[in-house]
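In the working numbering, the protein residues as written are 144 to 243. Let me begin by presenting the structure, written as structure tokens, before commenting on it.
Pasting the structure below:
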């Protein structure tokens with residue numbers, strides 16, 4: 144007795160989800176977190192710039208004041224230095240003459 148011949152089953156490729164689909168959720172989460180961090184830092188920087196950073200501006204203003212004082216000191220006319228030896232000699236001569 145012969146058994147009826149069944150048609151040969153054709154092998155089909157399994158329809159598996161690609162590996163990208165499995166890791167896309169984690170990748171999307173990492174990109175979202177990176178974007179959130181970047182936008183948060185940009186927002187904080189913009190807020191600090193808009194409001195002014197007193198803890199940054201105060202030393203910078205002191206530095207600008209020092210530069211301005213230095214420029215003023217360099218621009219001021221230089222007075223000739225006193226001849227201390229001649230003044231001391233003249234004072235000594237006056238004392239000697241006053242004592243005579």
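No residue lacks a Cβ here, since even glycine has one placed at the ideal position from N, Cα and C. Predicted, not measured: the structure shown is a model, and the values here were computed from it.
| query | result |
| --- | --- |
| Using the three-state DSSP reduction, which class does residue 148 fall into: helix, strand or coil? | coil |
| Please report the residue range of the alpha helix (DSSP H) in which residue 235 lies. | 227 to 242 |
| What is the DSSP secondary structure of residue 220, counted as helix, strand or coil? | coil |
| Distance, Cα to Cα, residue 220 vs residue 213? | 13 Å |
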